[in-house]
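2 protein chains.
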Amino acid sequence: MEMTAFKLVDVTDAEVDEVEERYGPLAAAVRELVDATIRSNVGDDVVGPATEQIRAITEKLRADQVDGPAGVNYNATGRAWNWGNAAIGLRNGAAPPMEVVHDPDGRMHADVHLGAAYEGPPGCAHGGVSALLLDHIMGVTASGMNRVTLTGTLTLRYVNPLPLGDVRLDAWISGEEGRKVFVDATIKGSAGVALEAHGVFIIPRWSGDFEAVVASDAGPS
Amino acid sequence: MEMTAFKLVDVTDAEVDEVEERYGPLAAAVRELVDATIRSNVGDDVVGPATEQIRAITEKLRADQVDGPAGVNYNATGRAWNWGNAAIGLRNGAAPPMEVVHDPDGRMHADVHLGAAYEGPPGCAHGGVSALLLDHIMGVTASGMNRVTLTGTLTLRYVNPLPLGDVRLDAWISGEEGRKVFVDATIKGSAGVALEAHGVFIIPRWSGDFEAVVASDAGPS
Chain A
1 MEMTAFKLVD VTDAEVDEVE ERYGPLAAAV RELVDATIRS NVGDDVVGPA TEQIRAITEK
61 LRADQVDGPA GVNYNATGRA WNWGNAAIGL RNGAAPPMEV VHDPDGRMHA DVHLGAAYEG
121 PPGCAHGGVS ALLLDHIMGV TASGMNRVTL TGTLTLRYVN PLPLGDVRLD AWISGEEGRK
181 VFVDATIKGS AGVALEAHGV FIIPRWSGDF EAVVASDAGP S
Chain B
1001 MEMTAFKLVD VTDAEVDEVE ERYGPLAAAV RELVDATIRS NVGDDVVGPA TEQIRAITEK
1061 LRADQVDGPA GVNYNATGRA WNWGNAAIGL RNGAAPPMEV VHDPDGRMHA DVHLGAAYEG
1121 PPGCAHGGVS ALLLDHIMGV TASGMNRVTL TGTLTLRYVN PLPLGDVRLD AWISGEEGRK
1181 VFVDATIKGS AGVALEAHGV FIIPRWSGDF EAVVASDAGP S
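Protein chains in written order, with our numbering: chain A, 1 to 221; chain B, 1001 to 1221.
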């Protein structure tokens, strides 16, 4: 099955900046609200009205909205953005969001703070959250700056629990073979390496249709 | 490394119900807000005040809150709850949340609706979100009703993209060997099976300290 298309839209970089400056702080405020909703101990007298107010705010935001998910868009300058992405989406209050740093040698890393919304075992990150972040950074690593790759297989070895708080991801290409790209990665926290991951990524035959415009963080992960 | 402890708390089932009835609707409203924050096209005149209002609501909720994540708690009747869980947390606005159904034959399944906050490739679920949900349901399947298991390795084979919308997970035990439990699982959507997963789960030596109170959905995933 072919993927839904990446979409070329007719907007300037300045217009993209403007939207990000408008919605970035909103999403950041929503992340704090998600955290407070989990940890709060206040009573009905506060929670009831808060719920009503949030519904009213949502209705105002929905007065004009896109029909469906945000998608992955790019413009004529080659800038790409995926605001709803579950791992890195700037406008996604459910995403940490992870910021992937491209090191000069082709390796990638990310420093992420995982709070109460990412819990699995008591006080620790959910193993599946580690899987989400690893899947993403490994896809970005396989794609590099100028190609599309799809995840083939991902193998995760759980070595240690990952306490919530500051965590660090590292990913690097460990080999290539025809249309296959092999990527290794780790996620570590205050108790050391928690997961070791190995992925096989595929360069699809249709990827020749894309240019470098579909690059790096906006890649399909 | 040993995991942070599950916590026995002195509350009745009725008190747990009361908190869930208070905060469940709040978390549901926050999920809608997360979605609207991604998809909205309204201008600064709406987004600016909305951001301020959300900050004010968060501050009120934080006036009394637990210090740190929600943890995994249980009471004397054996009821367990993990409100902040990234996959199933009732009070977690970043979780879909998934509801795992225990079939009579020991298999588990879940029907989940994935909206704009779970996007990866355009219009499709993030591969890492599939990994998160699979990791969780497979852990629950390995644990069953009466034991603790930890994830050893998880292998995910990406077969097809998973369009956003209604998805279905199935998981079952495919074998056991000493302290190892083997679990298979799939996630499928409108385009068929998207991922096939195989996991090896470990029954830790310290698990004898726990009883059936740490059961099912509240297991360490």
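For glycine and all other residues, C-beta sits at the position ideal for the given N, C-alpha and C.
Check: Using C-beta distances below 7 angstroms, list every residue in its chain close to Ala-36(A), excluding the 5 sequence neighbours before and after it, in chain order.; Outcome: none
Check: With the cut-off set at 9 angstroms, would you say Ala-223(A) and His-1102(B) are in Cβ contact?; Outcome: For chain A, the structure presents residues 1 to 221; residue 223(A) sits outside this window and is missing.
Check: Decide if Met-1138(B) is buried, meaning its Cβ has at least 16 other Cβ atoms within 10 Å, or exposed.; Outcome: buried
Check: Taking the beta strand (DSSP E) that Asp-1166(B) belongs to, which residues open and close that run?; Outcome: 1165-1177
Check: To the nearest angstrom, report how far apart Val-1019(B) and Glu-1119(B) are at their CA atoms.; Outcome: 31 angstroms
Check: Using a beta-carbon distance below 9 angstroms, is Arg-964(B) in contact with chain A?; Outcome: It is not possible to answer for residue 964(B), since the shown part of chain B is limited to 1001 through 1221.
Check: Taking DSSP as the reference, what is the three-state secondary structure of Ser-1190(B)?; Outcome: coil
Check: Quick one: give me the first and last residue of the beta strand (DSSP E) that Leu-114(A) is part of.; Outcome: 108-114
Check: Kindly indicate the opening and closing residues of the beta strand (DSSP E) around Leu-1162(B).; Outcome: Premise fails: Leu-1162(B) is in no beta strand (DSSP E) and is neither H nor E.
Check: With DSSP as the reference, label Val-140(A) as helix, strand or coil.; Outcome: helix
Check: So, with DSSP's three-state summary, where would you put Thr-149(A)?; Outcome: coil
Check: So which residues of chain A does Pro-1054(B) contact, with C-beta pairs closer than 7 angstroms?; Outcome: Here the sequence assigns Ile to residue 1054(B), which means Pro is not the residue at that position. Going along chain A in sequence order, the residues near Ile-1054(B) (Cβ under 7 angstroms) are Ala-29, Val-30, Leu-33, Ile-57.
Check: For Tyr-74(A), write down the residues that DSSP places opposite it in a beta bridge.; Outcome: Leu-8(A), Ala-80(A)
Check: Let me know the secondary structure DSSP gives Glu-20(A) once reduced to three states.; Outcome: helix
Check: In this structure, how does DSSP classify Ile-1203(B) when only helix, strand and coil are distinguished?; Outcome: coil
Check: Taking 7 angstroms as the limit between beta carbons, can you name the residues of its chain near Asn-1160(B), skipping five residues before and five after?; Outcome: Ala-1191, Gly-1192, Val-1193, Ala-1194
Check: Who pairs with Glu-1196(B) in a beta bridge, going by DSSP?; Outcome: Arg-1157(B), Thr-1186(B)
Check: For the region 1128-1143 of chain B and the region 89-96 of chain A, state whether three or more C-beta atom pairs, one from each stretch, are separated by less than 8 angstroms.; Outcome: no
Check: Whose C-alpha, out of Ala-1110(B), Gly-1024(B), Pro-1049(B), is nearest the C-alpha of Trp-1172(B)?; Outcome: Ala-1110(B)
Check: Who does Lys-180(A) pair with in a DSSP beta bridge?; Outcome: Glu-177(A), Ile-202(A)
Check: Checking 9 angstroms against the spacing of the C-beta atoms, do Phe-182(A) and Gly-199(A) come in under that value?; Outcome: yes
Check: Go ahead and pull the three-state DSSP assignment for Val-1030(B).; Outcome: helix
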